[in-house]
Amino acid sequence: DSTYTHASFNTLTLFSVTPFTTHFVTTVSPHATGKRLAFNGWWESSWIPSVEDPLETMLDIHSSEEEFRQEALQLTFYQYTRLERIAEQCEEDPNFVSPPERCDALIELFDEIDYLFFPEEVMTEIIDV
Numbered sequence: 299d300s301t302y303t304h305a306s307f308n309t310l311t312l313f314s315v316t317p318f319t320t321h322f323v324t325t326v327s328p329h330a331t332g333k334r335l336a337f338n339g340w341w342e343s344s345w346i347p348s349v350e351d352p353l354e355t356m357l358d359i360h361s362s363e364e365e366f367r368q369e370a371l372q373l374t375f376y377q378y379t380r381l382e383r384i385a386e387q388c389e390e391d392p393n394f395v396s397p398p399e400r401c402d403a404l405i406e407l408f409d410e411i412d413y414l415f416f417p418e419e420v421m422t423e424i425i426d427v
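Per my numbering, the sequence shown starts with residue 299, numbered consecutively.
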């Protein structure tokens, strides 16, 4: 889906940027004569995933596919890479968390998130090019 949002007086436009969206901001028309004030920036979550967090509940792969997708796609790049590191540590040492069986669940969780960001068919096309 694509949307063009026209600038209008006294309006703030917010949108979510994910790996699956693109955005572009056009220049102000040279014919615009009024004053303009623009704010821009990035809002990021302060949450840093940790093995102490109930990650399996927070990002429930057993919820509906759409609910899981919406939650996972809200992750920042830093949160994604932190979850990746947790999964890597579990693969290196299953006793990294307690109980050790939890490592399997954390690895599965990251694999599902990773697949959302990098589906195999897309990765295959990139590699084959």
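The C-beta atom is built at its ideal place from N, Cα and C for all residues, glycine as well.
Contact between the region 334-346 and the region 382-389 is absent: fewer than three C-beta pairs spanning the two stretches fall below 8 Å. If you ignore the 5 residues before and after Phe408, its C-beta comes within less than 8 Å of the C-beta of Leu381, Glu382, Ile384 and Ala385, all in its own chain and listed in chain order.
Assigned with DSSP and collapsed to three states, Glu389 falls in helix. Between Leu404 and Leu353, the beta carbon gap of about 6 Å places them in contact (Cβ cut-off 8 Å). Around the Cβ of Ala370, a 10 Å sphere holds 16 or more other Cβ atoms; the residue is buried.
In the same chain as Pro347, and ignoring 5 residues on each side of it, the C-beta atoms closer than 7 Å to its own belong to Leu353, Gln377, Arg380, Leu381 and Ile384, in chain order. When DSSP states are grouped into helix, strand and coil, Ile359 belongs to the coil group. Phe366 and His360 have their C-alpha atoms roughly 8 Å apart.
Scanning Phe394, Thr374, Val349 and Phe322 for the CA closest to the CA of Asp412 turns up Thr374.
Boundaries of the alpha helix (DSSP H) around Ile411: Arg400 to Phe415. Nearest in C-alpha terms to His321, of all of Ala330, Thr311 and Phe307, is Thr311. Residue Val349 holds the alpha-carbon nearest to the alpha-carbon of Pro398 among Glu363, Val349, Glu418 and Thr324.
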